[in-house]
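Quick note: the sequence shown uses the numbering used here, first residue -3, plus one each step. Every residue, glycine too, gets a C-beta built ideally from N, C-alpha and C.
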Amino acid sequence: MKRFHFRSIIHIMGLLLVINSIFMLTALPFSFYFEDDQHWAILMAVLITACSGGLAFFLTLGRERIVKKRDVYIIVTFGWVLMALSATLPYLLSGSIHSLTDAFFECVSGYTTTGASILSDIEAVPPSILYWRSLTQWLGGMGIIVLTVAILPLIGVGGMQLFVAEAPGISADKLRPRITDTAKRLWLIYIGLTATEMVLLRVFGMTWYDALNHSLTTMATGGFSTKNASIAHYPSPWIQYTIVLFMFFAGTNFSMMYFGFQGKLKKVWANDEFRAYFLSIVILSIISGLYVGVNVYDDLELGMRDVTFQLVSLITTTGFVSADYTSWAPSLTIMCFILLFVGGSAGSTAGGIKTVRHLILAKNGWLDLKRQLHPAAVIPVRLNGKAVSGEISYTVLAFVIIFLFIFVVGAMLLAMTGLDLLTAMGASATSLGNVGPGIGKVGPVDNFAWLPPAAKWICSVLMLLGRLELFTVLLLFTPFFWRGN
């Protein structure tokens, strides 16, 4: 039996490139409207991407396509890399970014919804290219693979394996029996919230162009902005409150939002992860906001707003900036650094370790204290009223240990490129957690442009590892993946 079905792999890779070229084409109207003279660069990028993808797609037509589990991991990992590589073309051909290293970093940051940027003067970039930059995050937010899930059945390939590999959470929580129906409903929620936020931001003072871009990157929990100062550019409290609300939505499990829109609010509140996610934001925002509002700003409303904005931005791994949180107090800087490891809910567009994993570890640790007193008792960890199997608990523990190990290795490698310890730790944590701003010289008022090329490639790898939740990528580096039956 064949271990890999490369014909099917190439076929799906080609489809991904064709889809990418179609979305890339939507940047063309912006070039004409703003007269930024980038239409030829965009058209050339579209043609190269579409022809490459179309050739791979059509040359592998005509036979039954088989996709096994091993094939899926190759498709997801290398598909993401291929998408990022093709996305560099508008930057390189337009001259907005001159080196492949910088362009690849920016595109990986886009598709992984990290939001780390090498652009020093964002406002000098042509509007059509900035729109493409925002769109890469929007596509990456839900996952180009999930989009393909709704299309693959049309060409004879089932999509459940792709969906699980692209979003390997605790379980595949399907909203409907068919995974294609699930993907469609997720995208309807995603598109609907994006459109709603865009209208609200326009009402509260943004231009339609800025409202569109910020809505694309908010719902993706990406954090790319069209302004050098990010959201700090907009002093309107209503703009900031609107973005806080939609960042919260984006960091919520989309299954919970689906139930919420159906009016099943009790079911949403009964979800342990949602309660932990919601209450942690509320409690941390109140305590930290009171401190900053009274002791730092001498303006309670502004302090509460900035703190809430930054905490939600960090927890949901969005990475928008409304204030320099590293200037508030050393204790709050440490707290913000810890939040780089938290992440939003499983089944959301957020990165990080995810709230549910922290919750399972905390529950297990608490129950271990009981087990010390009652060693013969069987006391299972319960989530949403159901016992969590030992296998899941071990998988969660393994994930967190590997996540922290990769963070340490990443920080060491970054330090070897010449970064100071604080910056290396901040860059490693924010890249792996897909957050964007970190601490040190990659903090909320800095960017990644000054990093040496080697450091940018290391951060790019960390971003990919974090976005695909480690195991999907790490499996490819194990000998049993390539040799096993």
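Only residues of its own chain outside the window of five on either side were considered, and among them Asp67, Ile70, Ile71 have a CB closer than 7 Å to the CB of Ile5, listed in chain order.
Phe316 places its beta carbon less than 9 Å from that of Ile227. Exposure of His370 is indicated by the presence of fewer than 16 other C-beta atoms within 10 angstroms of its C-beta. Residue environment for Gly75: buried (at least 16 other C-beta atoms within 10 angstroms of its C-beta). By the beta-carbon neighbour count (other beta carbons within 10 angstroms, threshold 16), Ser281 is buried. Taking C-alpha positions only, Met194 is separated from Thr22 by approximately 17 Å. Looking at the backbone, the Cα of Gly439 and that of Gly422 are separated by about 8 Å. Per DSSP, the unbroken alpha helix (DSSP H) holding Gly361 starts and ends at 351 to 369. Excluding sequence positions up to five before and after Ala394, its CB lies less than 7 Å from no other CB in the same chain.
Taken atom to atom, the span from the alpha-carbon of Phe54 to that of Met40 is near 21 Å. Under the three-state reduction of DSSP, Ala325 is assigned to coil, being neither helix nor strand. Counted as a single uninterrupted DSSP element, the stretch harbouring Ser221 is not any alpha helix (DSSP H), since DSSP gives it neither H nor E. Per the coordinates, the alpha-carbon of Val377 lies some 7 Å from the alpha-carbon of Ile356. Apart from sequence neighbours up to five positions away, the residues of its chain that approach Thr248 with a beta-carbon distance below 6 Å are Ser341, Ser344, ordered along the chain. Of the other Cβ atoms in all chains shown, fewer than 16 fall within 10 Å of the Cβ of Met408; this residue is therefore exposed. Beta-bridge annotation (DSSP): Ala411 is not paired with any residue. By the neighbour-count criterion, in which 16 or more other beta carbons inside 10 Å mark a residue as buried, Leu296 falls on the exposed side. Secondary structure within the region 379 to 427: the alpha helix (DSSP H) runs of 4 or more consecutive residues, fully enclosed, are 386 to 412 (chain order). In summary, His354 is buried, with 16 or more beta-carbon neighbours lying within 10 Å of its beta-carbon over all protein chains present. The straight-line gap separating the alpha-carbon atoms of Val338 and His1 is approximately 37 Å. Fewer than three Cβ pairs drawn from the region 270 to 281 and the region 189 to 205 lie within less than 8 Å of each other, which leaves the two stretches out of contact. Residues Gln34, Ala37, Pro122, Ile125 of the same chain have their beta carbon placed closer than 7 Å to that of Ser90, with the five preceding and five following residues left out of the count. Spatial neighbours of Leu81 in its own chain (CB-CB distance under 8 Å, excluding positions within 5 residues in sequence) are listed in chain order as Phe100, Cys103.
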